[in-house]
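In case it helps, the working numbering puts the sequence shown at residues 1 to 236.
The beta carbon of each residue, even a glycine, is placed where N, CA and C say it ideally should be.
Note that this is a predicted model, so its numbers are computed, not measured.
Comments concern the structure below.
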Amino acid sequence: MVREKVTVSTRTLQWKCVESRTDNKRLYYGRFILSPLMKGQADTIGIAMRRALLGEIEGTCITRVKLESDKIPHEYSTIGGIQESVHEILMNLKEIVLRSNIYGTCHASICVKGPGYVTAQDIILPTYVEIVDNTQHIASLTEPIDLCIGLQIEKNRGYFIKTPHNFQDGSYPIDAVFLPVRNANHSIHSYGNGNEKQEILFLEIWTNGSLTPKEALHEASRNLIDLFIPFLHMEE
1 MVREKVTVST
11 RTLQWKCVES
21 RTDNKRLYYG
31 RFILSPLMKG
41 QADTIGIAMR
51 RALLGEIEGT
61 CITRVKLESD
71 KIPHEYSTIG
81 GIQESVHEIL
91 MNLKEIVLRS
101 NIYGTCHASI
111 CVKGPGYVTA
121 QDIILPTYVE
131 IVDNTQHIAS
141 LTEPIDLCIG
151 LQIEKNRGYF
161 IKTPHNFQDG
171 SYPIDAVFLP
181 VRNANHSIHS
191 YGNGNEKQEI
201 LFLEIWTNGS
211 LTPKEALHEA
221 SRNLIDLFIP
231 FLHMEE
């Protein structure tokens, strides 16, 4: 069996960022173009990139919360001196956007004394984890009580839905959404005639602020390349 050589096109593909903006701390937008592509190639690349952007990029989330109190029978309980229920506190913690270079799991904590407002700025984090928006509200303490919370942080991809029976040692799991890309779209502009018809691929990317659209595009491209590399090394 003769191995066929992988031919490389002499066409020089070029990409460019044509628009970039920050709508707020948790919403970045970027628009990119790639050209010139042969007829049909823009759709092939666009579909693959969109799937990779939405499902193959890792994100960092709070995945478990432990409240230092023995008087919390269930998630929908209230704690004296705190305006929010336990469930509302968990939902507020879920909204916190993190960026990190961790692999696996790490831990953080909150320990504050009321009265006052508790925000993401009050979280004590490892040096390799950052908060994208430290103004995110967590709880309102209406009395001079101590609030101590332990947090488990993970870096992963996709999402994990908590199970009803996954409560242990007074800690509560949080639905983890490891999806730093909020949305991604592609569109195609065709030009030329007949056999000379070519295409321009437009990619639009929205992220949650934990990485820029350009960084997301780079990581998605690298992940796609890693998936295809084994096909270049198949044995005869």
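For residue i, list the residues DSSP reports as bridge partners.
i      : result
Ser100 : Val129
Ala139 : Val118
Glu88  : Partner(s): none; Glu88 has no beta bridge.
Gln83  : DSSP, once it has assigned bridges, lists no residue as partnering Gln83.
Leu147 : Val112
Lys25  : Its beta-bridge partners do not exist; DSSP assigns none.
Ser20  : Gly30
Ile153 : Ile62 and Cys106
In its own chain, which residues sit with a C-beta less than 6 Å from the C-beta of residue i, not counting the 5 before and 5 after it?
i     : result
Glu19 : Arg31
Ile42 : Position check: residue 42 holds Ala in this sequence, whereas Ile was assumed. Same-chain partners within the cutoff: Ile188, Glu199 and Leu201.
Gly46 : His186 and Leu201
Ser77 : Val86
According to DSSP, is residue i part of a helix, a strand, or is it coil?
i      : result
His74  : coil
Lys94  : helix
Leu13  : coil
Pro230 : helix
Ile124 : strand
Any heavy atom of the ligand NAD closer than 8 Å to the CB of residue i?
i     : result
Met91 : The model on display carries no ligand, and the ligand NAD is accordingly not part of it.
Which same chain residues, not among the five before or five after residue i, have their C-beta less than 8 Å away from its C-beta?
i      : result
Asp169 : Lys66
Thr7   : Its pLDDT being 49, under 50, Thr7 is placed unreliably in this model, and the value from its coordinates should be taken loosely. Excluding residues within five positions, none has a Cβ falling inside 8 Å.
Gln121 : Ile131, Asn134 and Thr135
Thr10  : A caution first: Thr10 carries a pLDDT of 46, below 50, which makes its placement in the model too unreliable to give a value.
Leaving out five residues on either side along the sequence, give the residues of the same chain with a beta carbon under 7 Å from the beta carbon of residue i.
i      : result
Ser69  : Ile79
Phe178 : Glu58, Gly59, Cys61, Asn156, Arg157, Gly158 and Tyr159
Ser190 : Lys197 and Glu199
Trp15  : Phe32, Ile33 and Leu34
Against chain B, does residue i count as a neighbour if the rule is that its beta carbon must be under 9 Å from one of theirs?
i     : result
Ala48 : The structure shown contains no chain B; it is built from a single protein chain.
Which runs of the alpha helix (DSSP H) at least 4 residues long sit entirely within the stretch 155-228? Give them in chain order. none
Within 8 Å, do at least three Cβ pairs link the stretch 174-188 to the stretch 50-63? Using a Cβ-Cβ distance cut-off of 8 Å, the stretch 50-63 and the stretch 174-188 are in contact, since at least three pairs of beta carbons, one from each stretch, lie closer than that value.
Would you mind listing the alpha helix (DSSP H) stretches within the stretch 34-63 that are 4+ residues and don't spill past its ends, in chain order? Counting whole runs of 4 or more residues, the stretch 34-63 contains the alpha helix (DSSP H) stretches 41-55.
Tell me, please, whether the stretch 115-122 touches the stretch 21-39 by the rule of three or more beta-carbon pairs shorter than 8 Å. no
Assess, as a yes-or-no matter, whether the stretch 142-162 is touched by the stretch 102-116 under the definition of 3 or more beta carbon pairs within less than 8 Å. yes
Three-pair Cβ contact test at 8 Å for the stretch 75-88 versus the stretch 123-132: no
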